[in-house]
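Asker: Going by numbering that gives the first Met the number 0, the letters in the sequence shown line up with residues 0 to 76, in that order. Sharing a structure with you now.
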Amino acid sequence: MAVVIDGKKLYRIGEALAAAPVSRATYFRWLKQRRLPDTQYKDRNGRRLFTEAELEGLKHEAQRLVEAPQAHLKFDE
């Protein structure tokens, strides 16, 4: 369930990752690789909260990787 703070709808990390769908490990790897910017909001316990735009960016990155053509590897025989 989304949280509304200062009129902004924010999604908890579990909700965002389920909506993308992206695993927690993949999300944090993407953060480390700087494929995605970190969220601008965190709750009082330091957990990430996603805005609508951040959630859409996460979905876009996940979809981009699914639609990207797979590299065909050739091995010498």
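Glycine residues also receive a C-beta, built at the ideal position from the N, C-alpha and C atoms. A quick note: this is a predicted structure, and the numbers were derived from the prediction, not measured.
1. Starting from L48, trace the beta strand (DSSP E) in both directions and tell me its first and last residue.
2. Please identify the residue among E55, E51 and F74 whose C-alpha is closest to the C-alpha of I4.
3. Would you tell me roughly how many angstroms separate the C-alpha atoms of Y10 and N44, rounded to the nearest one?
4. Verify whether the separation of the beta carbon atoms of S22 and L30 is less than 8 Å.
5. Hey, quick one: how far does the alpha helix (DSSP H) through L16 stretch, first residue to last?
6. State the Cα-Cα distance for the pair G6 and K41, rounded to the nearest angstrom.
7. If I follow the unbroken alpha helix (DSSP H) through R28, where does it start and stop?
Answerer: Taking the definition as stated:
1. In the DSSP annotation of this structure, the continuous segment of the beta strand (DSSP E) that includes L48 starts and ends at R47 to F49.
2. Per the Cα distances, E51.
3. Straight-line spacing of the CA atoms in Y10 and N44 works out to 15 Å.
4. Against a cut-off of 8 Å, the Cβ pair of L30 and S22 comes out as no contact.
5. That run of the alpha helix (DSSP H) goes I12 to A18.
6. In a straight line, the C-alpha of G6 is about 16 Å away from that of K41.
7. Here the alpha helix (DSSP H) through R28 covers R23 to K31.
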